[in-house]
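Undergrad: By UniProt numbering, the letter at position 94 of the sequence shown is numbered 94, and the numbering carries on one by one without gaps. Could you have a look at this structure, given as structure tokens, before my questions?
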Amino acid sequence: MKDRNYSLEIKELEQECFELKDDNKRISNELNKCSKERDIYKMKHDESEDRVKRLEAICTEYEGFKNENNNYLKINNENNDLKTRLECLSTENEKLKKEHAAMCKENDKLEAHLKLKNNKQTNRSVVYNDNSDPKVKPKELRKLVSSLNSDKEKLTYKLAETEENLERT
Numbered sequence: 001m002k003d004r005n006y007s008l009e010i011k012e013l014e015q016e017c018f019e020l021k022d023d024n025k026r027i028s029n030e031l032n033k034c035s036k037e038r039d040i041y042k043m044k045h046d047e048s049e050d051r052v053k054r055l056e057a058i059c060t061e062y063e064g065f066k067n068e069n070n071n072y073l074k075i076n077n078e079n080n081d082l083k084t085r086l087e088c089l090s091t092e093n094e095k096l097k098k099e100h101a102a103m104c105k106e107n108d109k110l111e112a113h114l115k116l117k118n119n120k121q122t123n124r125s126v127v128y129n130d131n132s133d134p135k136v137k138p139k140e141l142r143k144l145v146s147s148l149n150s151d152k153e154k155l156t157y158k159l160a161e162t163e164e165n166l167e168r169t
């Protein structure tokens with residue numbers, strides 16, 4: 001057998017073992033650093049996912065608010081249009097009330113005038129029917145009756161027109 005130099009081989013193996021241990025420590029340290037970085041990145045990733053979820057929830061809520069706001073604006077515009085229309089109708093209503101009051105007054109005047117004419121005609125008829133006055137001529141009586149009837153027709157027509165106007169309002 002050959003004499004081998006085991007001591008040199010042992011030294012080399014010890015040196016190699018020492019270097020491997022150093023490499024192992026270095027790799028272990030790097031692995032620890034990588035694990036820490038991985039954990040940090042995982043935490044950041046989880047935080048980012050949470051932020052994305054919150055952002056999506058906020059976007060959904062924003063869309064809901066936007067839709068609500070659009071509905072509010074539509075209702076507000078309709079409300080403003082209705083207010084304007086109500087003001088116009090109120091003004092027109094006041095105008096019609098004044099016209100109605102004026103027509104009622106005119107109607108009352110026409111009715112009073114018609115009653116007065118009817119009373120005069122009735123009074124005259126009594127006077128003219130009274131045969132005690134021989135000076136009254138039949139021709140004059142006919143003219144008077146014709147005139148009174150004509151006045152009565154005119155007043156009746158005006159009264160009917162006024163009543164129609166009142167019914168329309």
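Ideal Cβ placement from N, Cα and C applies to all residues, glycine included. Just so it is clear, the structure is predicted and the values come from calculations on it, not from any experiment.
Does the pairing of the region 141-161 with the region 100-118 give three or more beta-carbon distances under 8 Å?
TA: Contact between the region 141-161 and the region 100-118 is present, because at least three Cβ pairs lie under 8 Å.
Undergrad: In whole angstroms, give me the CA-to-CA distance for Leu148 and Leu82.
TA: C-alpha separation (whole angstroms): 54 Å.
Undergrad: Report yes if the C-beta distance between Leu166 and His113 is below 8 Å; otherwise report no.
TA: Contact flag unset, no.
Undergrad: Alpha carbon to alpha carbon, how far is Leu20 from Asn5? Give it in angstroms, no decimals.
TA: One C-alpha to the other measures close to 22 Å.
Undergrad: Using the Cα positions of Cys34 and Lys25, report the straight-line distance between them to the nearest angstrom.
TA: Using only the alpha carbons, I get a separation of about 14 Å.
Undergrad: On the three-state DSSP scale, how would you describe Asn119?
TA: Here Asn119 sits in helix by DSSP.
Undergrad: Can you round the beta-carbon distance between Glu87 and Thr162 to whole angstroms, since I take them to be within the 8 Å contact cut?
TA: Not a contact, Cβ separation roughly 30 Å.
Undergrad: List the whole-angstrom C-beta distance separating Ser111 from Leu159, where the pair is believed to meet the contact cut-off of C-beta under 8 Å.
TA: One point to set straight first is that residue 111 is Glu, not Ser, in the sequence displayed. At roughly 7 Å, the Cβ-Cβ gap stays under 8 Å, so Glu111 and Leu159 are in contact.
Undergrad: Identify which residue in Cys104, Ser146 and Val145 has its Cα closest to the Cα of Glu164.
TA: Of the listed residues, the one whose Cα sits closest to Glu164 is Cys104.
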